[in-house]
Amino acid sequence: MEQKIAQLKKDLNAVILAHYYQESEIQDVADFVGDSLALAQVAEKTTADVIVFCGVHFMAETAKILNPDKLVLLPDLDAGCSLSDRCPPDKFKAFKAKYPDHFVATYVNSSAAVKAMSDVIVTSSNAVKIISKVPADRQIIFAPDQHLGRWVTQKTGREMVLWPGSCMVHEIFSEKLIVQLKVQHPTAKVIAHPECEASVLRQADYIGSTKQLLEFSQKDDATRFIVVTEAGIIHQMQKASPNKTFIPAPPDNGCACNECPHMRLNTLEKLYRCMRDKTPRLELPPGLGEAALKPLKLMLEWS
Ligand code: 13P
Ligand code: SF4
12 MEQKIAQLKK DLNAVILAHY YQESEIQDVA DFVGDSLALA QVAEKTTADV
62 IVFCGVHFMA ETAKILNPDK LVLLPDLDAG CSLSDRCPPD KFKAFKAKYP
112 DHFVATYVNS SAAVKAMSDV IVTSSNAVKI ISKVPADRQI IFAPDQHLGR
162 WVTQKTGREM VLWPGSCMVH EIFSEKLIVQ LKVQHPTAKV IAHPECEASV
212 LRQADYIGST KQLLEFSQKD DATRFIVVTE AGIIHQMQKA SPNKTFIPAP
262 PDNGCACNEC PHMRLNTLEK LYRCMRDKTP RLELPPGLGE AALKPLKLML
312 EWS
């Protein structure tokens with residue numbers, strides 16, 4: 012399968028981008044593995060004719076907005092995101108209408124239609140930086156992740172009106188379980204994604220995007236880490252630091268609820284088939300990509 016994918020990559024002049032939450036076999040055949048921001052930055056600059064996006068729908072959609080003339084393939088078009096799905100464009104439009112003068116900052120985990128209603132897009136790795144750049148006299152709407160929004164407020168001091176969304180994977184981590192793990196592994200450092208609830212984040216030694224968590228685990232002196240995010244990231248952590256120990260939270264007790272069911276819809280076989288058949292393709296309705304490009308470009312500029 013890996014050889015066939017490598018051959019198709021040459022035949023199509025394709026680049027394979029994968030998020031850290033993809034299964035390890037997919038990460039290992041990708042040209043780039045990264046967080047949402049890094050993958051968007053690579054997508055913006057690529058000279059390949061075809062972008063094969065191993066991630067969820069909004070990520071492939073972002074690549075298409077940045078590359079309207081390229082073919083963008085996604086192994087499974089149903090790979091959604093609970094944050095994006097729980098923020099439908101019509102409801103967001105009504106929410107936004109209540110605050111007509113607010114500056115709208117939207118997390119990249121959202122649909123193109125919601126992005127098109129925004130002033131700037133953020134990811135978990137640049138949200139603090141971007142919100143700090145919003146003119147001080149502007150009030151802000153932040154959507155759709157309330158936990159990320161609250162954490163950004165803590166870091167920047169900027170109060171924001173929050174859309175009440177959350178991620179189905181990160182909301183299942185509990186403070187009690189993290190504390191139990193800390194007692195079992197007293198030398199371990201807790202590293203967490205800012206999509207976790209505030210009660211979980213207050214137990215963390217370090218908070219950051221997937222890429223930032225990976226970099227922290229490489230640079231920090233600790234040899235044990237309790238990893239409070241989707242467990243797929245541990246593949247790269249273990250590869251980069253083979254002598255360190257990474258403990259997924261909650262512990263691996265047969266429950267796979269720290270794996271994103273959307274991300275895991277993609278498989279190596281579906282990746283092969285989508286390249287062979289050049290489908291499923293990511294397409295955008297006319298005009299939507301152009302409208303969503305402006306806030307996305309502003310994010311890339313402010314990053
Ligand atoms: P990152 O931008 O940190 O990769 O996060 C993406 C995501 O979907 C987190 O659940
Ligand atoms: Fe969306 Fe959560 Fe899955 Fe990330 S982990 S893609 S935020 S559902």
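So the sequence shown is numbered by my numbering: it starts at 12 and just counts up by one.
Every residue gets a Cβ at the ideal spot worked out from N, C-alpha and C, and that includes glycine.
Check	Outcome
According to DSSP, residues forming a beta bridge with residue 259	238
Secondary structure, beta strand (DSSP E): runs of 3+ residues fully inside the segment 167-214	171-173 and 200-203
Cβ shell of residue 10 (< 7 Å), same chain only, five flanking positions each side left out	Since the first and last residues shown for the chain are 12 and 314, residue 10 lies out of range.
Coarse secondary structure for residue 11, derived from DSSP in three states	Given that the chain is displayed from residue 12 to residue 314, the structure contains no residue 11 and the question cannot be resolved.
N-terminal and C-terminal residue of the alpha helix (DSSP H) that residue 145 is part of	First-last for residue 145: undefined, no H or E at that position.
Contact under 7 Å by Cβ, residue 279 with residue 71	no
Rounded Cβ spacing between residue 142 and residue 110 (contact assumed at less than 8 Å)	With 8 Å as the limit, residue 142 and residue 110 do not qualify as a contact, their Cβ atoms being about 16 Å apart.
Span separating the alpha-carbon of residue 252 from that of residue 225	10 Å
With 16 other Cβ atoms within 10 Å as the buried cut-off, status of residue 264	Confidence is the limiting factor: at residue 264 the pLDDT is only 49, short of 50, which leaves the residue's position unreliable and the question unanswerable from this model.
Cβ neighbours of residue 32 in the same chain (closer than 6 Å, five flanking residues each side left out)	241, 243, 271 and 274
Residue nearest to residue 148 in terms of C-alpha spacing, selected from 156, 214 and 113	113
Near the ligand 13P: residue 47 beta-carbon under 6 Å from a heavy atom	yes
For residue 29 and residue 14, the rounded distance between their alpha carbons	17 Å
Residues bridged to residue 65 (per DSSP)	29
Closer than 7 Å: residues whose CB approaches a heavy atom of the ligand SF4	32, 67, 92, 93, 94, 95, 120, 178, 179, 180, 181, 206, 241, 271, 273 and 274
Nearest-angstrom Cα separation, counted from residue 258 out to residue 238	6 Å
Distance, residue 26 Cα to residue 129 Cα	29 Å
Span separating the alpha-carbon of residue 132 from that of residue 19	33 Å
Test item: CB-CB of residue 208 and residue 158 under 7 Å	yes
With 16 other Cβ atoms within 10 Å as the buried cut-off, status of residue 155	buried
Proximal residues to residue 173 (C-beta, below 6 Å), its chain only, five neighbours per side dropped	153, 157 and 160
Span separating the alpha-carbon of residue 62 from that of residue 77	11 Å
beta-carbon residue 314 near the ligand 13P non-hydrogen atom, thresh 6 Å	no
Bridge-paired residues (DSSP) for residue 118	133
Sheet register partners of residue 311 (DSSP bridge)	In DSSP, residue 311 forms no bridge with anything.
For residue 203, the nearest candidate out of 22, 220, 125 and 103 (CA to CA)	220
Extent of the continuous alpha helix (DSSP H) run through residue 245	245-251
Distance cut-off 6 Å: residue 135 Cβ against heavy atoms of the ligand 13P	yes
Inter-residue Cα distance where the pair is residue 1 and residue 118	Any question about residue 1 goes unanswered here, given that the chain covers just 12 to 314.
Chain-order list of residues whose beta-carbon lies under 7 Å from that of residue 79 (same chain, five-residue window excluded)	300
Sequence-distant residues of its chain with Cβ nearer than 8 Å to residue 282 (five each side left out)	16, 27, 37, 40, 63, 65 and 86
Residue span of the alpha helix (DSSP H) that contains residue 279, given as start and end	279-288
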